[in-house]
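Trainee: If you're matching positions, the sequence shown starts at 1 in my numbering and goes up one per residue.
My questions all concern the structure below.
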Amino acid sequence: MIFCALLAAALLPLAGCEDDDDYDHKPPAGMGTLVLENDTVDDISVAIDGVIQPKVRDDSNRKYDLLPGVRRLVLDQQGGDRAWRGDADIIEGHLTIINIRPHADPDRFDISVRFD
């Protein structure tokens, strides 16, 4: 009985579909934050305005604090052919959240954007 209670207590933090703490980030004063949510099984290389950034590991997210404005974003699957390029609007005091998922086309990512 004690073992079951300990096991349940150990697994409790793993319950649920989404960790709400992932996006509890507040951008620094005068900046906005780009959040890349990698919902794939591959690491993704990232370039913002032509500058290589730290990659986003598989099934995780990474936050980049940036000055407000339109940023050119390039995403490239490490060890694969999927890629995406496009613009990301960075809004002062807000999060720009980009979800990255595999697409049926093996050369593309499925991208969705929302603001928080």
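The beta carbon of each residue, even a glycine, is placed where N, CA and C say it ideally should be.
Treat the numbers as computed from the prediction; the structure is a model and nothing was measured.
Give every residue of the same chain whose Cβ lies closer than 8 angstroms to the Cβ of Q78, excluding the five residues on either side of it in the sequence, and list them in chain order.
Mentor: As a first step, residue 78 must be located in the sequence shown, where it is residue number 78. Counting only Cβ-Cβ distances below 8 angstroms, and skipping sequence neighbours, we find D42, D43, I44, S45 and K55.
Trainee: Roughly how many angstroms separate the alpha carbons of T40 and V51, rounded to a whole number?
Mentor: As a working mapping, residue 40 is identified with position 40 in the sequence shown. As a working mapping, residue 51 is identified with position 51 in the sequence shown. For T40 and V51, the distance between alpha carbons rounds to 23 angstroms.
Trainee: Should G93 go down as buried or exposed, given a rule of 16 or more other Cβ atoms within 10 Å for buried?
Mentor: Locating residue 93 in the sequence shown gives position 93, where the first residue counts as 1. That one is exposed.
Trainee: When you compare only the Cα positions, how much space is there between K26 and T33?
Mentor: The residue labelled residue 26 in the question sits at position 26 within the sequence shown. The residue labelled residue 33 in the question sits at position 33 within the sequence shown. Those two C-alpha atoms are separated by around 8 angstroms.
Trainee: Of all the options L73, I91, T96 and N99, which has the alpha carbon lying nearest to the alpha carbon of R85?
Mentor: Here residue 85 corresponds to residue number 85 of the sequence shown, with the count starting at 1. Comparing Cα-Cα distances from R85 to each of L73, I91, T96 and N99, the minimum goes to L73.
Trainee: Note down, in chain order, each residue of its chain lying with its Cβ closer than 6 angstroms to the Cβ of R101, except the 5 sequence neighbours on either side.
Mentor: Indexing the sequence shown from 1 puts residue 101 at position 101. Same-chain partners within the cutoff: D39 and D110.
Trainee: Pull up the CB-CB distance for F115 and I91, whole angstroms please, since I reckon it's below 8 angstroms.
Mentor: Taking the sequence shown and counting its residues from 1, the one referred to as residue 115 is at position 115. Taking the sequence shown and counting its residues from 1, the one referred to as residue 91 is at position 91. Confirmed, Cβ separation roughly 6 angstroms.
Trainee: Suppose the cutoff is 7 angstroms on Cβ atoms and the five residues either side in sequence are ignored; what does the same chain contact list for Q53 look like?
Mentor: Residue numbering aside, residue 53 sits at position 53 when the sequence shown is read from its first letter. For Q53, where only same-chain residues beyond five positions count, the Cβ hits under 7 angstroms are V46, A47 and Y64.
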